[in-house]
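Q: Before I ask anything, here is the structure I am working with.
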DNA sequence: TCCATTTCTTAATATACATTAATGCATAGG
DNA sequence: CCTATGCATTAATGTATATTAAGAAATGGA
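Residue numbers (the numbering used here), protein chains in the order written: chain A, 9 to 164; chain B, 9 to 164.
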């Protein structure tokens with residue numbers, strides 16, 4: 009637990025980093041964001057005073073998010089220790105699922121969402137009607153059906 | 009902590025309910041979802057074996073989500089006690105923000121997202137450039153600008 | 001078994017949003 | 001103070017997805 013001063017535009021963490029920290033914002037403003045394959049930024053969250061900004065990658069996984077400062081800020085930096093309780097660990101795991109879902113909803117096309125869904129829930133895909141999958145993805149059943157048939161045509 | 013058998017199509021929880029429970033799925037399949045003003049369902053998550061399904065409303069707030077069973081299931085129902093630690097409480101709060109964000113991204117138009125953002129971050133709106141707000145909302149700066157000017161024309 | 005209902009697909013049309021481009025304004029830094 | 005850069009807006013065009021509608025296949029309940 010270390011108090012640090014951060015200058016505007018300073019980058020605290022990059023995607024791919026291991027051992028990401030958690031940042032409690034005392035004053036100023038942080039943000040976390042991803043950069044997609046096309047180089048486009050997608051802001052995951054803003055962190056004004058009183059908020060906590062962190063990547064919910066597990067301890068052993070690389071981060072998905074960049075974190076930087078939009079204003080000069082004072083933040084408390086804390087290690088995401090391995091010593092947290094099992095209850096908390098479960099929460100972190102579920103936060104990560106949500107984090108990925110948000111990023112996906114902000115940036116992915118219908119077919120990309122579908123492929124993400126299949127990899128997240130491999131054994132659910134065959135157990136629910138497709139219109140429910142569409143509802144989960146945030147698209148209409150018709151759009152999902154069309155996207156899937158298009159994928160088949162264009163190889164694979 | 010109570011083990012219950014749930015029949016397919018049985019509804020475990022409705023939006024508006026107070027004191028929502030958390031459900032650990034031993035076998036079968038649950039889902040949680042919202043219903044928007046137009047009556048359209050938006051599935052928030054599926055809960056196959058091993059997953060936990062719950063609404064992240066605080067204890068004193070009404071739930072946002074319906075929870076029902078897509079297959080005959082066996083679930084452990086646990087009270088979301090007030091006796092959780094402060095650390096966990098913070099997590100629940102942040103889960104709720106994410107939950108609302110996911111629902112919003114699945115169902116809301118650009119201008120609805122903007123209004124949601126302003127109410128979530130009232131004191132951030134004026135501190136960040138609008139193109140960053142757009143990035144947070146998952147729309148382009150141009151689309152946000154157009155949506156806002158359109159709202160002005162059509163009364164307020 | 002049969003019928004009603006649900007589910008999936010396809011197609012025509014509509015629409016919200018993305019993309020691209022140009023312009024004017026504000027701002028920060030030398 | 002001047003200039004380069006970032007920012008917001010507007011407009012023209014393109015595209016992915018929504019909407020609406022219809023029909024065929026699958027499913028479940030009586």
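All residues carry an ideal CB built from backbone N, CA and C; glycine is no exception.
As the structure is a prediction and not an experimental result, all values here were calculated from the model.
Does the ligand ZN have even one heavy atom less than 8 Å from the beta-carbon of residue 109 of chain A?
A: No copy of the ligand ZN occurs in the structure displayed, which carries no ligand at all.
Q: Hey, does residue 98 of chain B have any beta-carbon neighbour from chain A nearer than 9 Å?
A: Answer yes: the Cβ-Cβ gap between residue 98 of chain B and chain A drops below 9 Å somewhere.
Q: Name the residue from B:65, B:61 and B:76 whose alpha carbon lies nearest to the alpha carbon of residue 14 of chain B.
A: Ranking B:65, B:61 and B:76 by Cα distance to residue 14 of chain B puts B:76 first.
Q: Can you find a C-beta in chain A that's less than 9 Å from the C-beta of residue 60 of chain B?
A: So yes, residue 60 of chain B belongs to the interface.
Q: What are the uninterrupted segments assigned as alpha helix (DSSP H) that are 4 or more residues long and contained completely in the region 51–125 of chain B, given in chain order?
A: Taking only runs of at least 4 residues, the alpha helix (DSSP H) segments lying wholly in the region 51–125 of chain B are 94–115.
Q: Give the residues of chain A in contact with residue 33 of chain B, contact being defined as C-beta atoms less than 7 Å apart.
A: Ordered by position in chain A, no residue passes the 7 Å Cβ test against residue 33 of chain B, which lies about 11 Å from the chain.
Q: With 7 Å as the C-beta to C-beta threshold (strictly closer), list the residues of the region 123–149 of chain A near chain B in chain order.
A: Hits within the stretch, in order: 129, 131, 132, 135, 136, 140, 143, 144 and 146.
Q: Any beta carbon from chain A within less than 9 Å of residue 56 of chain B's own beta carbon?
A: Yes - at least one Cβ of chain A is within 9 Å of the one on residue 56 of chain B.
Q: What's the C-alpha gap between residue 29 of chain A and residue 142 of chain A?
A: Whole-angstrom Cα-Cα distance: 35 Å.
Q: Comparing alpha-carbon positions, which option in A:115, A:156 and A:160 lies nearest residue 47 of chain A?
A: Nearest C-alpha to residue 47 of chain A: A:115.
Q: In terms of DSSP beta bridges, what is residue 21 of chain B paired with?
A: In the DSSP output, where bridge partners are listed per residue, residue 21 of chain B has B:75.
Q: Please name the residues in the region 66–79 of chain B whose beta-carbon is closer than 8 Å to at least one beta-carbon of chain A, in chain order.
A: Listed in sequence order: 78 and 79.
Q: With residue 150 of chain A as the anchor, note down where its alpha helix (DSSP H) starts and where it stops.
A: It spans 149–161 - the alpha helix (DSSP H) in which residue 150 of chain A sits, taken as one unbroken run.
Q: Check whether the Cβ of residue 103 of chain B lies closer than 9 Å to any Cβ atom in chain A.
A: So, interface residue.
Q: In three-state DSSP terms, what is residue 26 of chain B?
A: Coil.
Q: Drop a sphere of 10 angstroms on the beta-carbon of residue 24 of chain A, count the other beta-carbons inside from all chains shown, and report buried for 16 or more, exposed for fewer.
A: Burial call: exposed.
Q: First and last residue of the alpha helix (DSSP H) that includes residue 144 of chain A?
A: Run containing residue 144 of chain A: 138–145, per the alpha helix (DSSP H) assignment.
Q: Taking the C-alpha atoms as reference points, what is the distance between residue 61 of chain B and residue 158 of chain A?
A: Cα-Cα distance, rounded: 34 Å.
Q: According to DSSP, is residue 34 of chain B helix, strand or coil?
A: Here residue 34 of chain B sits in strand by DSSP.
Q: For residue 81 of chain B, tell me which candidate among B:68, B:55 and B:41 has the shortest Cα-Cα distance.
A: Checking every option, the nearest Cα to that of residue 81 of chain B belongs to B:55.
Q: If you follow the beta strand (DSSP E) that residue 10 of chain B is in, where does it begin and where does it stop?
A: Where residue 10 of chain B is concerned, the enclosing beta strand (DSSP E) stretches over 10–14.
Q: In this structure, how does DSSP classify residue 133 of chain A when only helix, strand and coil are distinguished?
A: Three-state DSSP puts residue 133 of chain A in coil, outside helix and strand.
Q: Roughly how many whole angstroms lie between the Cα atoms of residue 59 of chain A and residue 33 of chain A?
A: Each residue's alpha carbon lies about 6 Å from the other.
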